[in-house]
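Residue numbers for the sequence shown follow our numbering, beginning at 902 and rising by one. Even for Gly, the Cβ is constructed at its ideal location relative to N, Cα and C. Here the structure is a predicted model, which is why all the values come from computation and not from measurement. Shown next, in structure tokens, is the structure this report addresses.
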Amino acid sequence: MMHLQTNCFCLLGVLFLLATACIDPVEVDVPGSNVRKPVIQGSIKLGAPSLIEVSLHRSADFISYYNAAPIEGAAVHIEDQGGSRLQIPQEKPGFYRLNWTNDGQFDIVRGGAYRLLVQLADGKVYESEYEQIRAVPRADSIEVRTEVRQELNETENIIDVAYIQFLIDTPLQHPDETERAYLKWEFEGAFKLIELLSPAPLPPPQKTCYISEKIRLEVVSIFNGHEATSPRLQQFQILEEPVNWNYYRAYYLTVYQQSLSREAYTYWSQVKEVTARTGSLFEAPPGKVITNLHNPSNPEEEVLGFFYVTEVDTIRRLIRPEEAGTPRGFCEVFTYEEAEDFCRNCLLYPNSSLQKPAYWK
902 MMHLQTNCFC LLGVLFLLAT ACIDPVEVDV PGSNVRKPVI QGSIKLGAPS LIEVSLHRSA
962 DFISYYNAAP IEGAAVHIED QGGSRLQIPQ EKPGFYRLNW TNDGQFDIVR GGAYRLLVQL
1022 ADGKVYESEY EQIRAVPRAD SIEVRTEVRQ ELNETENIID VAYIQFLIDT PLQHPDETER
1082 AYLKWEFEGA FKLIELLSPA PLPPPQKTCY ISEKIRLEVV SIFNGHEATS PRLQQFQILE
1142 EPVNWNYYRA YYLTVYQQSL SREAYTYWSQ VKEVTARTGS LFEAPPGKVI TNLHNPSNPE
1202 EEVLGFFYVT EVDTIRRLIR PEEAGTPRGF CEVFTYEEAE DFCRNCLLYP NSSLQKPAYW
1262 K
């Protein structure tokens, strides 16, 4: 096990817009198409270095809520309770990001409390409540199991579909904390892709690429330790994935365990409930998802999103092909001429690199 940091950014602004999803039909007033609400999602993840990420968007109109517009040119700061501020630069439209190493003037530490301050180019200011960084329990292990289910395919034929499930063993309380934790998990996967050998008389050497990617961003995986009857989680399922060709060789799952405040847990549990619904704009909206953000000059303005802070514990698990049911490779079922371009040049695959990760065995 390692205590590392992730740059995983769990939800884009569009997920907050799903708070307008629906259940029972009622009459609703549809706002005009020029009504666009600020969607602010931010986090501090304590590590070495610590990672600060903020997403700023404006929701689309009531009819086209999937189209969120990024907010550019904002002044984004993190503030501690002593009034010291740290500016977060814009990385790309709508996204602000900083890896930070403590310098004695602004330190991110366990037990510290921080809030998010955002000033838009038009002068509007938004701020969050203070959030305190809590110690996160150190996970013990990740186990895997597979399951085959019968499902209908696109032609409505019954087929067997294999799934791989990931289960965690972890205490629910850090020794330095007086209460059990509200836990949240985020995930990253890594796999290996070896190019097909060219049939040319003097073929170039085959390259081996390593691909790392965030997985299941739409999944909100959380647990309320305060409701547990045991001080530990054992064989608790945190993630399930269909088995695919990524598991053909070796596959690494990295799990980032986080410890939330009660308010942040409430927010994520509401987001989980909303994203699990299937609704339409012709049904009634459910209750609003909570937020800890507001406009101090106009408290009545509706702001979507949440700012939270956490310490992160990282645990990584190697999944060997036989543990995933020995799936077939993707490129290997084609001839060199028939294969996808990335089968002949693995660097064409998104997020691929020739550099082997330090943890890869």
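Query: C-beta contact flag for ALA1267 and GLN1136 at 8 Å; Result: Outside the displayed range of the chain (902 to 1262) lies residue 1267, so it cannot be described from this structure.
Query: Beta-carbon contacts of PHE1124 that lie in its chain and below 6 Å, excluding the five residues immediately before and after; Result: LEU1084
Query: GLU980 and ARG1016 closer than 8 Å at C-beta; Result: yes
Query: Where the alpha helix (DSSP H) containing TYR1031 begins and where it ends; Result: No alpha helix (DSSP H) contains TYR1031, which DSSP labels as neither H nor E.
Query: First and last residue of the uninterrupted beta strand (DSSP E) at LYS1262; Result: LYS1262 -> no beta strand (DSSP E), and no H or E assigned at all.
Query: Own chain partners of LEU1021 with C-beta closer than 7 Å, once the 5 adjacent residues on each side are dropped; Result: ILE972, ALA975
Query: Assigned exposure category for ARG1081 - 16 Cβ within 10 Å defines buried; Result: buried
Query: Per DSSP, the bridge partner or partners of VAL1110; Result: It should be pointed out that residue 1110 corresponds to Cys in this sequence rather than to Val. According to DSSP, CYS1110 bridges with LEU1094.
Query: Nearest residue (CA-CA) to GLY1024, options VAL977, GLN1107, ALA1014; Result: VAL977
Query: Residue burial classification, THR1071 (beta-carbon count within 10 angstroms, cutoff 16); Result: buried
Query: Beta-carbon proximity of ALA1151 to LYS1093, cut-off 8 Å; Result: yes
Query: Segment limits, alpha helix (DSSP H) that includes ALA1177; Result: 1163-1177
Query: Cα-Cα separation between ARG1046 and PRO1143, rounded to whole angstroms; Result: 12 Å
Query: Contact set for LEU1182: own chain, Cβ-Cβ below 6 Å, skip 5 residues either direction; Result: With a pLDDT of only 36 at LEU1182, under the threshold of 50, the placement of this residue in the model should not be trusted, and no figure is reported.
Query: Separation of LEU1154 from ILE1216, as counted between CA atoms; Result: 8 Å
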